[in-house]
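**Q**
Numbering (the working numbering), first residue to last: 189 to 517.
This is the structure:
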């Protein structure tokens, strides 16, 4: 490509953009063949997920160009989850969506503030059913064989020799120091989940999915987000994540259906945000109303499509598979 074209041309090669288009078509065929309905939900909403680790982007609607402060604030969606669950409560049974999603403060080789997400839900599925469907999609799109399934606890035992559900916070901190933690923690030293996240990201994730895709499941109950918690024998969140070549591609839940539990978790997430000096997010939502009406038992998965393309073509960064990342948008 000539120097003159550098200012406007895509960062991805045409070869990768064609591979991207083929994967989109393959994903649609996969879900259509299984009776899923493709749906669309708003990118802009009055509601947003309240998560300690996600930063939604706000947009003000301007009705009068002469008065830039006259319109309401809306949220660009971090995922289509809220809208899709409202459809489930209204009677949908198996739905999928391929859409843009937005998250503030995320930029790097594996992150772009605007990205493409594939998300799907099916009523009646438990966690194991959701994992099987995710495995089938990974086989269809990556052609790397069936996924290894390993519990969060087993992943920690294999790599670090500790039980993440039962060991003390001091044990986690000690293991981190043994594996290169330099003491420059930006979190409360008593924050158990922060130590777990550091150990997972630093010591475990790079080893996952090297030979074949890996699905990790049964996360700590404290990391449930919008997943159910299974009480016995050890309380765990019925969450699962897909990894290939050390890259997290998808995150799934056996979905929480109790509106009162969601409200409690939302309040706690806002408290954690405030403790970090971040803004409080709105706690009321139409999702709460939908869950009070009745969200059927279901499993849902969100898959980062750009990362899937990156892994499929052997690229090392999202910029190689997106036409126009944020600096070129």
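Glycine included, every Cβ here is placed at the ideal spot set by N, Cα and C.
#1: With DSSP as the reference, label residue 406 as helix, strand or coil.
#2: Considering Cα atoms alone, identify which of 496, 466 and 447 is closest to residue 473.
#3: Tell me which same chain residues have a C-beta within less than 7 angstroms of the C-beta of residue 516, skipping the five on either side of it?
#4: Should residue 314 be listed as close to the ligand MG, given that the test is whether its C-beta is under 7 angstroms from any heavy atom?
#5: Within 10 angstroms of its Cβ, does residue 397 collect 16 or more other Cβ (buried), or is it exposed?
#6: Keeping to the same chain, check which residues put their C-beta closer than 6 angstroms to that of residue 422; ignore five residues upstream and five downstream.
#7: Report the rounded CA-to-CA distance for residue 202 versus residue 512, giving the unit in angstroms.
#8: On a CA-only basis, which of 501, 428 and 345 is nearest residue 318? Give me that one, please.
#9: Among the candidates 424, 413, 437 and 443, whose CA atom is the shortest distance from the CA of residue 394?
#10: If we call anything under 8 angstroms between Cβ atoms a contact, is residue 406 one with residue 341?
#11: Can we say the stretch 364-372 touches the stretch 404-418, given the rule of at least three CB pairs closer than 8 angstroms?
#12: Give the DSSP-derived three-state secondary structure of residue 190 in the structure shown.
#13: Would residue 320 and residue 282 be called neighbours here (beta carbons separated by less than 8 angstroms)?
#14: Three-state secondary structure (DSSP) at residue 327?
#15: Quick check on DSSP: helix, strand or coil for residue 372?
#16: Following the continuous beta strand (DSSP E) through residue 339, name the residue where it begins and the one where it ends.
#17: If contacts are defined as beta-carbon pairs under 8 angstroms, then residue 268 and residue 229 qualify, I think. What distance do you get, rounded to the angstrom?
#18: Determine the burial state of residue 443: buried for a count of at least 16 other Cβ atoms within 10 Å of its Cβ, exposed for fewer.
#19: Do residue 304 and residue 286 have their beta-carbon atoms positioned less than 8 angstroms apart in this structure?
#20: What does the Cβ neighbour count give for residue 464, buried or exposed, with the cut at 16 atoms within 10 Å?
#21: Around the C-beta of residue 190, are 16 or more other C-beta atoms found within 10 angstroms, so that it is buried, or is it exposed?
#22: Where does residue 303 fall in DSSP's three states?
#23: How many angstroms separate the CA atom of residue 495 from the CA atom of residue 298?
#24: Below 8 angstroms on the Cβ atoms is my contact criterion, and I expect residue 322 with residue 280 to pass it. Report the Cβ-Cβ distance as a whole number of Å.
#25: Helix, strand or coil for residue 360? Go by DSSP, reduced to three states.
#26: Please list the terminal residues of the continuous beta strand (DSSP E) segment that includes residue 400.
#27: Whose C-beta lies closer than 7 angstroms to the C-beta of residue 475 among residues of the same chain, with five residues either side of it excluded?
#28: From residue 521 to residue 489, what distance separates their C-alpha atoms?
**A** So, from the listed chains and residues:
#1: It is a strand residue.
#2: The candidate whose alpha carbon is nearest that of residue 473 is 447.
#3: Cβ contact annotation for residue 516 (same chain, cutoff 7 angstroms, sequence separation greater than five): 199, in chain order.
#4: Here there are no bound small molecules, and the ligand MG is not part of this structure.
#5: Burial call: buried.
#6: Taken in chain order, the residues that qualify are 353.
#7: About 13 angstroms.
#8: Among 501, 428 and 345, the Cα nearest to that of residue 318 is on 428.
#9: With distances taken between Cα atoms, residue 394 lies closest to 437.
#10: In this structure, residue 341 lies closer than 8 angstroms to residue 406 by Cβ.
#11: No, they do not touch.
#12: Because residue 190 carries a pLDDT of 48, less than 50, the predicted location of this residue cannot be relied on, and the following value inherits that uncertainty. Reduced to three states, the DSSP call for residue 190 is coil.
#13: Using a Cβ distance threshold of 8 angstroms, residue 320 and residue 282 do not count as a contacting pair.
#14: Note: residue 327 maps to helix in three-state DSSP.
#15: The three-state secondary structure of residue 372, taken from DSSP, is coil.
#16: Taken as a continuous stretch (DSSP letters only), the beta strand (DSSP E) holding residue 339 covers 336-339.
#17: A Cβ-Cβ distance of about 5 angstroms is found for the pair residue 268 and residue 229, placing them in contact under the 8 angstroms criterion.
#18: It is buried - the Cβ of residue 443 has at least 16 other Cβ atoms within 10 Å.
#19: Cβ distance < 8 angstroms, so residue 286 and residue 304 count as in contact.
#20: Exposed, since its Cβ has fewer than 16 Cβ neighbours within 10 Å.
#21: Interpretation of residue 190 is limited by its pLDDT of 48, a score under 50 that renders its predicted location unreliable; the figure taken from the coordinates is listed afterwards. By the 10 Å Cβ count, residue 190 comes out exposed.
#22: In this structure, residue 303 counts as strand in the three-state DSSP scheme.
#23: Straight through space, the alpha carbons of residue 298 and residue 495 are spaced by roughly 7 angstroms.
#24: About 19 angstroms separates the two Cβ atoms, so there is no contact after all.
#25: Note: residue 360 maps to helix in three-state DSSP.
#26: Per DSSP, residue 400 is not a residue of any beta strand (DSSP E), being assigned neither H nor E.
#27: Within the same chain, residue 475 has close Cβ partners 235, 270, 273 and 274.
#28: Only positions 189 to 517 of the chain appear in the structure, and residue 521 is not among them; the question remains open.
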